[in-house]
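Peer 1: Let me begin by handing over the structure; questions about it come next.
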Amino acid sequence: MAMTLTDARRIIAAAEKAAEQIGQPMNIAVVDEGGNLVAHVRMDGALIGAIDISINKAYTSRAFEIATKDLAAYTQPGGPFFGIHASNSGRIVIFAGGIPIRSDGKVVGAIGASGGSGEQDHAVAEAGIGAF
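Using this note's numbering, read the sequence shown as starting at 11 and increasing by one per residue.
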């Protein structure tokens, strides 16, 4: 199953609703199986510095098939992926807010949310996935 624009819009709408409920404007991005951007929204009042972060969180989750909050544990000094954030032309994000999207056990895309705390970003991304 491929990630369609219709899917991405539905995922983003659910994530936006969650961000509104917690009162935190966000940037929300959805990428396809190849890590390519399908859709992005910057909610009114969301930080402009978080645009690239949301897109790169989605890319990171797709590229490594792991939630960025879980990847972070492996990237600490002495960890097996220490320094990975410098790979892929600096696109790798190692803090919460990116989650892979799976269909029948296969990663078909990912969502990235940025603009709040790590916990808020992750929760908003999870809400988006719930609409897939």
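We put the CB at the ideal spot given by N, CA and C, even for glycine.
For a test of the three-state rule: what should DSSP assign to Gly-108, helix, strand or coil?
Peer 2: strand
Peer 1: Which ranges does the alpha helix (DSSP H) cover as unbroken runs of at least 4 residues, wholly within the stretch 62-130, from first to last along the chain?
Peer 2: 78-84
Peer 1: Can you tell me which of the three DSSP states Ile-22 falls into?
Peer 2: Helix at Ile-22.
Peer 1: Relative to the C-alpha of Glu-30, which candidate in Pro-90, Arg-52, Ser-113 and His-95 has its C-alpha closest?
Peer 2: Arg-52
Peer 1: Please list, in chain order, all residues of the same chain as Gly-146 whose beta carbon is under 8 Å from its beta carbon, the five residues on each side excluded.
Peer 2: Outside the displayed span of the chain (11 to 142) sits residue 146, for which this structure offers no information.
Peer 1: Does the beta-carbon of Leu-47, which I'm using as the reference point, lie nearer than 7 Å to any heavy atom of the ligand GTP?
Peer 2: For the ligand GTP, the structure offers nothing, since it holds no ligand at all.
Peer 1: How is the beta strand (DSSP E) around Asp-42 delimited, first residue to last?
Peer 2: 37-42
Peer 1: How is Leu-57 classed by DSSP in three states: helix, strand or coil?
Peer 2: Coil.
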